[in-house]
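Q:
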Amino acid sequence: MTADTAPDTQSQTHWFLIGMRGLFSLPAIILMLSFVGFAAFTAEANIPVDQVMFMTGMVWALPAKVILVGSMLSGAHVAAAFIAVTLSSVRMMPMVAALIPEIRDRRTPTWLLLIISHFVAITAWVFAMEKVRDVPRSGRVAFFAGFGITLTVTNIILVGLVYGAVSHFPPIVSGCLFFLTPVYFLTSIWISARHRVIYWALGIGLALGYLFAVIAPEYDILLAGIIGGTVAWWAEKQLRQKEAGQ
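In the numbering used here, the protein residues as written are 45 to 290.
1. Grab the span of the alpha helix (DSSP H) containing Ala288 for me, first residue to last.
2. Near Pro51, which residues of its chain fall below 8 angstroms by C-beta distance, leaving aside the five closest residues on each side in sequence?
3. Can you tell me which of the three DSSP states Arg148 falls into?
4. Give the straight-line distance between the Cα atoms of Val197 and Leu224, rounded to the nearest whole angstrom.
5. Tell me which residue opens and which closes the alpha helix (DSSP H) that Asn199 is part of.
6. Could you give the first and the last residue of the continuous alpha helix (DSSP H) run that contains Arg135?
7. Using three-state DSSP, classify Met99 as helix, strand or coil.
8. In angstroms with no decimal places, state the Cα-to-Cα distance between Leu250 and Trp234.
9. Taking all protein chains shown into account, decide if Thr194 is buried (16 or more other Cβ within 10 angstroms of its Cβ) or exposed.
10. Give me, in chain order, the residues of the same chain whose beta-carbon lies closer than 6 angstroms to that of Met136; leave out the 5 immediate sequence neighbours on both sides.
11. With a threshold of 6 angstroms on Cβ separation, who are the neighbours of Ile265 within its own chain once the five nearest residues in sequence on each side are excluded?
12. Would you tell me roughly how many angstroms separate the C-alpha atoms of Trp12 and His162, rounded to the nearest one?
13. Pull up the CB-CB distance for Ala268 and Gly247, whole angstroms please, since I reckon it's below 8 angstroms.
14. Under the rule that 16 or more other beta-carbon atoms within 10 Å means buried, what is Ala72, buried or exposed?
15. Report back the beta-carbon spacing between Thr100 and Ile200 to the nearest angstrom; my notes put them in contact at under 8 angstroms.
16. Tell me where the alpha helix (DSSP H) around Arg240 begins and ends.
Structure below.
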């Protein structure tokens with residue numbers, strides 16, 4: 045008997061609590077360490093702690109917050125920062141589209157799915173896609189909500205608690221903690237990728253990111269993302285056409 049067909053013998057609260065236990069998983073711990081690095085980053089940038097905590101809860105996805113703060117520090121135009129953050133967050137749409145059919149059932153209200161979709165980010169998505177098939181379908185929404193909400197709230201509290209302390213860390217410690225953020229982001233995307241175009245986009249984007257940081261620092265992230273993604277998509281399209289013609 046699979047999880048989909050197993051009888052609903054546990055309450056929603058039970059599965060919510062099971063989801064909360066995911067806070068002690070390796071992906072969640074790495075993310076929390078990355079948020080310590082993010083707190084150091086924002087403290088160095090002199091962004092008030094209340095704004096950092098608000099940003100953590102409302103933006104949630106760590107790469108989008110890093111892009112936002114980086115754009116602010118580089119003096120990027122607000123329109124460029126807006127577009128860069130928006131494009132960074134668009135990647136969540138296919139994640140939501142892939143996750144929702146896995147966790148909803150016929151009785152799940154749309155408003156509830158809209159609320160929990162806010163907590164879909166790399167860590168939550170990877171964790172849920174790996175674990176949710178072992179959960180009865182009737183408990184999957186509660187399971188994901190338990191993990192996603194707990195992870196978000198914990199990191200909001202975490203950045204508030206460590207914000208003052210990280211400013212006193214030795215520079216090498218703050219640098220290492222913050223370096224976890226891009227490393228975690230890149231490795232999570234790489235591991236969760238299912239198509240070669242994503243690998244190409246990451247590689248091209250990284251190369252172009254260095255180039256544009258030198259020649260156009262105010263628009264480096266935006267240009268690297270748009271051009272890198274476009275080139276990767278075009279190359280993938282050409283290769284598919286070639287393979288189809290063989």
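Yeah, the Cβ is synthetic: ideal placement off N, Cα and C, and Gly gets one too.
A: Judging by the given coordinates:
1. Where Ala288 is concerned, the enclosing alpha helix (DSSP H) stretches over 264-289.
2. Only weak support is given to the placement of Pro51: the predicted model assigns it a pLDDT of 43, under 50, and the value that follows is read from those uncertain coordinates. Excluding residues within five positions, the ones whose Cβ falls inside 8 angstroms are Pro180.
3. Residue state, collapsed to three classes: coil.
4. Using only the alpha carbons, I get a separation of about 20 angstroms.
5. Counted as a single uninterrupted DSSP element, the alpha helix (DSSP H) harbouring Asn199 occupies residues 181-210.
6. Segment: none, Arg135 is in no alpha helix (DSSP H) and carries neither H nor E.
7. Correct three-state label for Met99: helix.
8. Answer to the nearest angstrom: the Cα atoms are 13 angstroms apart.
9. Around the beta carbon of Thr194, a 10 Å sphere encloses 16 or more other beta carbons of the protein chains shown; the residue is thus reported as buried.
10. Taken in chain order, the residues that qualify are Val164.
11. Within the same chain, Ile265 has close Cβ partners Ile111, Ala128.
12. No answer is possible for residue 12: it lies beyond the span of the chain, which begins at 45 and ends at 290.
13. Contact between Ala268 and Gly247 does not hold, since their C-beta atoms are separated by about 11 angstroms, which reaches or exceeds 8 angstroms.
14. That one is buried.
15. Contact between Thr100 and Ile200 holds, with the beta-carbon distance rounding to 5 angstroms and staying under 8 angstroms.
16. According to the DSSP assignment, Arg240 belongs to the alpha helix (DSSP H) that extends over 240-259.
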